[in-house]
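Residue numbers (my numbering): 24 to 364. Notes to accompany the following structure.
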C-alpha cells in the first residue's frame, strides 16, 4: 500500500487576495476551514459568510476573534438560505468570487426528507446561478461529491443535478460573463457526519466491536485542508464548465476500523439504503471527456475544444476512477497522518 495522504494541491498564492469572496454554507466544516485559510494566507478585501444559523455564525465570529484577527475589518456574516434567491442577490452585491458549499449532505436524511433535499441542493444551485448572473459575479465554484457519479441515492442524484446546473450556467453568461465550475471529491476525514468521528466515539465509550456495513467496502479520503487547497487551486485555473477531481487515496473500511482500533472485532451490519460498496468520481462515460494533470483529473464538456487541441492528456477509453480500482491506497500510517493534519 502507498501512503500519499498529505499531497498538497498547487496554489496560486495571491489569487483571492484583495478580492470580495462569498461562501455559502460558510459555517459548515468546509466553510470554516476555507475562511481560516483565506484569512491566514491571502486575506480578501471582503469575505462574506452566508448561512442560515445565527448561533453558528456568532460562534464562528468569536473563534476568529480569539485568533487575534478582527473580523470587523473585512468579514460580513449574512443570515440567509440558498433557497431564497433575493437574499442571495443582496449578499452577492459587490462580490466577484463565490464558493457554493451549502448542501444537505447526510444520505439517510435525504432519503427520508426528499423535498427538503431537492429544495436546498437543486433549487439552491439554481438560485446561486441566477443571483451570480444578476449581480455581476466573476467566478463561481460549487462543491460536489463522489456520490454524484452514477448516483443510487437522492443526495447523489441531487448533487448530480446541481453539477449539471452549474456547468450549464456558462451557456447563460455569455463570453465575457460569470464563469462556473465544479469541484468533486470524496469523504472528508473527520468532517461532520463522517464515519471516523463515529468510530472514535464508540472506541472512547468502550465498545466491544465496530460496525462494518460490508467487508468489501472502500471509500476515497481527503483532509479538510486538502479540500480547501483543491478548491482554491481550482478557482485559480478554471475557465468555466470544468469538473475538477483530485487524485486522492482509497481505503477499505475494514482497514480503517483496524487502524483506529487494532484488535477490536468488527460486526457486519449490512449496507444501508442508498449506500454503495465503492464510490466513483469519474465514470467510463465521463472518461471520454476527461483529461489528466499531475494532481487531478478534469471532466470537460463533450464539445470542449481542449479535448481536440492535444495540449492536455486525455485518459484512456474505458477509464474509471473508483475507490476500489484506485492506484493509490492509504495504510494505517497514512490515515493517522491525515488525522493528525
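Backbone N, C-alpha and C define an ideal beta-carbon position, used for all residues, glycine too.
{"Query": "Where residue 32 falls: helix, strand or coil (DSSP)", "Result": "coil"}
{"Query": "Continuous alpha helix (DSSP H) stretch holding residue 65: start and end", "Result": "It is not in any alpha helix (DSSP H) - residue 65 carries neither H nor E in the DSSP assignment."}
{"Query": "Alpha carbon of residue 325 to alpha carbon of residue 341, nearest angstrom", "Result": "15 angstroms"}
{"Query": "Buried versus exposed, by CB contacts within 10 Å (16 or more), residue 272", "Result": "buried"}
{"Query": "At least 3 beta-carbon pairs within less than 8 angstroms: the region 118-126 vs the region 40-50", "Result": "yes"}
{"Query": "Residue(s) in a DSSP beta bridge with residue 166", "Result": "206"}
{"Query": "Under 8 angstroms between C-beta atoms of residue 109 and residue 140", "Result": "no"}
{"Query": "Sequence ranges, beta strand (DSSP E) only - wholly within the region 246-314, length at least 3", "Result": "266-269, 273-275, 289-291 and 303-305"}
{"Query": "Start-to-end residues for the beta strand (DSSP E) that takes in residue 98", "Result": "98-102"}
{"Query": "Three-way DSSP call (helix, strand, coil) for residue 47 in this model", "Result": "strand"}
{"Query": "Limits of the beta strand (DSSP E) - the one that residue 120 falls within", "Result": "120-123"}
{"Query": "Own chain residues within Cβ distance below 6 angstroms of residue 264, not counting five before or after", "Result": "190, 193 and 324"}
{"Query": "Expected contact under 8 angstroms - CB spacing of residue 206 and residue 246 to nearest Å", "Result": "Actually they do not touch by this definition, with Cβ atoms about 15 angstroms apart."}
{"Query": "Identity of the residue in 163, 214, 143 and 195 nearest residue 184 by Cα", "Result": "143"}
{"Query": "Inter-residue Cα distance where the pair is residue 147 and residue 87", "Result": "28 angstroms"}
{"Query": "Validate contact between the region 90-105 and the region 129-137 using beta carbons, cut 8 angstroms, 3 pairs", "Result": "no"}
{"Query": "Same chain only: Cβ atoms within 6 angstroms of residue 24, ignoring 5 sequence neighbours per side", "Result": "Its pLDDT being 43, under 50, residue 24 is placed unreliably by the model, and the measurement read from it follows with that caveat. The answer, listed in chain order, is 352 and 354."}
{"Query": "8 angstroms Cβ shell around residue 294 - same chain, five flanking residues per side excluded", "Result": "236, 237, 240 and 300"}
{"Query": "Distance, residue 252 Cα to residue 74 Cα", "Result": "22 angstroms"}
{"Query": "Touching by the beta-carbon criterion (3+ pairs, under 8 angstroms), the region 65-83 and the region 97-112", "Result": "yes"}
{"Query": "Anticipated Cβ contact below 8 angstroms, residue 284 with residue 233, distance rounded", "Result": "6 angstroms"}
{"Query": "Cβ-Cβ distance between residue 163 and residue 203 below 8 angstroms", "Result": "yes"}
{"Query": "Secondary structure of residue 71, DSSP reduced to three states", "Result": "strand"}
{"Query": "First and last residue of the uninterrupted alpha helix (DSSP H) at residue 131", "Result": "130-135"}
{"Query": "Residues that residue 322 bridges to, as DSSP identifies them", "Result": "266 and 313"}
{"Query": "Proximal residues to residue 269 (C-beta, below 6 angstroms), its chain only, five neighbours per side dropped", "Result": "208, 253 and 319"}
{"Query": "Proximity to residue 333 [Cα-Cα], best of 343, 314 and 350", "Result": "314"}
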